[in-house]
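Data first, discussion second: the structure below is written as structure tokens.
In our numbering, the protein residues as written are 301 to 770.
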């Protein structure tokens, strides 16, 4: 096997996870049906998150752009406008992340204890229901809208930990990369659809209609709660061969953890800190790209909505492709788990950083700037088969709780998502983001691991191994 920064002993321990069971067909299987439902769930959730980024352009009292908007819509009762500064807009866009940070760790802990089904479904349902109140909150004032977005963030905060908790019980080790990237790719797909759809709705029906239409995402929760179970053992429609295949492949590591968590061991776990630092160095520009296109490139609302969607289309395709390739490398025993995670993380951070630097020097060339941004976000999708699913490699039993921890740190850049006022200011923003991204990749390359940590193994298994050695 080829390995990066790993030794033969580590490779052997990693390979123990990759049991040589005959794979059950994917078509019409319960595990891929779960992945598809998760895909659409995350599509709904991320659509609910990013729609404000585009709608904000229509909501603020920017005279030139909104006069043209009013002429194009011809509404007898025009949508309200608000005199929000760039700082206020940035605060409102970042409010979602404040709420998300609050529930990430508790959500991961509770999902690991009680199962992820209710938390993932409830997260989408709650966020969609609250979205319906956005026009009312905006009318009541900035503080009301800020509070509403914080509560919406509560819903998303429990979703990712719930997802990885469920895959710890559903995904055979040789299919983890593809199953998790398929389900997680719904986020990019949702953003890809939400950006242009939001622009069209704003121009045709007015910005309040955006939130009423997107609130219909509540319907997804009906299918989720009817069709999904927390684990293969309790699924009423799974075939017996598929159930046995999943249970035998995963082994005892899929069991739920108890009330106690090895917090001290986690605090001193170097591979866990590698994930935390790397995720903190990612996605510093998630919410501010539409503002960049508005204030620097001077694009109109429809152009902003469609061009903001392009990077997410590429990221959606690349993330799914990277998951398939990663599992293929593991199936063929070409590389260890550690090597695969590091290679995809490196590709998904260093190459995008180069294109971010280029954006800062495109001056006012809209075509070149959008091309570089699209390539940067597209290639970043490869990291979804790297650091972003590494929690389930190092500690399957605590994967949800660990994801809550790592994403809490990773959410900080979303809160601090920078908004500049000039071309030179944005150049500095892109240079800083690129440098931070490269640092995160190198940190993970040096200290990351794909090996199950000793503190994540059940005590019963450790005792059994000690008895066998005696």
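No residue lacks a Cβ here, since even glycine has one placed at the ideal position from N, Cα and C.
Residue closest to residue i, alpha-carbon to alpha-carbon, out of the options
i: residue 785; options: 355, 459, 449, 731; result: Residue 785 lies beyond the stretch modelled for the chain, which goes from 301 to 770, so this question has no answer here.
i: residue 573; options: 502, 482, 694, 731; result: 694
i: residue 342; options: 671, 380, 582, 427; result: 427
i: residue 704; options: 443, 433, 340, 454; result: 454
i: residue 389; options: 446, 437, 577; result: 446
i: residue 488; options: 407, 617, 429, 478; result: 617
i: residue 743; options: 646, 654, 548; result: 646
i: residue 580; options: 737, 354, 757; result: 737
i: residue 560; options: 385, 726, 412, 724; result: 412
i: residue 339; options: 416, 395, 486, 408; result: 486
i: residue 337; options: 399, 386, 404, 421; result: 421
i: residue 713; options: 385, 354, 401; result: 401
i: residue 607; options: 666, 644, 568; result: 666
i: residue 452; options: 729, 394, 523; result: 394
Same chain, Cβ closer than 6 Å to residue i, neighbours up to 5 away in sequence not counted
i: residue 613; result: 492
i: residue 494; result: 347, 350, 351
i: residue 575; result: 687, 690, 706
i: residue 329; result: 542
i: residue 515; result: 428, 431, 432
i: residue 490; result: 343, 346, 347
i: residue 623; result: 477, 478, 481, 685
Status (buried if at least 16 other CB within 10 Å, exposed otherwise) for residue i
i: residue 564; result: exposed
i: residue 383; result: exposed
i: residue 462; result: buried
i: residue 662; result: buried
i: residue 700; result: buried
i: residue 766; result: In this predicted model, residue 766 has a pLDDT of only 44, less than 50, meaning its place in the structure is not dependable; the value taken from the coordinates is given anyway. Flag for residue 766 reads exposed.
i: residue 676; result: buried
i: residue 459; result: buried
Residue interval of the alpha helix (DSSP H) (run including residue i)
i: residue 449; result: 442-457
i: residue 683; result: Premise fails: residue 683 is in no alpha helix (DSSP H) and is neither H nor E.
i: residue 580; result: 570-580
i: residue 356; result: 330-359
i: residue 693; result: 691-694
i: residue 493; result: 486-505
i: residue 427; result: 417-431
i: residue 661; result: Counting along the chain, residue 661 falls outside any alpha helix (DSSP H), and DSSP gives it neither H nor E.
i: residue 400; result: 386-414
i: residue 636; result: Here residue 636 belongs to no alpha helix (DSSP H), and DSSP marks it neither H nor E.
i: residue 733; result: 723-747
Neighbourhood of residue i by C-beta distance below 7 Å, restricted to the same chain and skipping five residues each side
i: residue 367; result: Because residue 367 carries a pLDDT of 45, less than 50, the predicted location of this residue cannot be relied on, and the following value inherits that uncertainty. Cβ within range, chain order: n/a, list empty.
i: residue 754; result: none
i: residue 371; result: Summary for residue 371: the model assigns pLDDT 44, below 50, so the residue's position carries little reliability, and this model does not support an answer.
i: residue 513; result: 501
i: residue 267; result: Nothing about residue 267 can be reported from this structure: the residues present for the chain run from 301 to 770 only.
i: residue 757; result: none
i: residue 518; result: 425, 428, 429
i: residue 439; result: 380
Own chain, CB closer than 8 Å to residue i, minus 5 neighbours either side, in chain order
i: residue 374; result: With a pLDDT of 46 at residue 374, under the threshold of 50, the modelled position of this residue cannot be trusted; read the value that follows with caution. Taken in chain order, the list of residues that qualify is empty.
i: residue 571; result: 690, 694, 747, 748, 749, 751, 753
i: residue 536; result: 529
i: residue 640; result: 477, 626, 629, 630, 685, 686, 750
i: residue 363; result: With a pLDDT of 43 at residue 363, under the threshold of 50, the predicted position of this residue should be treated as unreliable, though the coordinate-derived value follows. Hits under 8 Å: none found.
i: residue 723; result: 596, 663, 664
Uninterrupted alpha helix (DSSP H) stretches inside the segment 512-566 (no shorter than 4 residues): 518-527, 540-550
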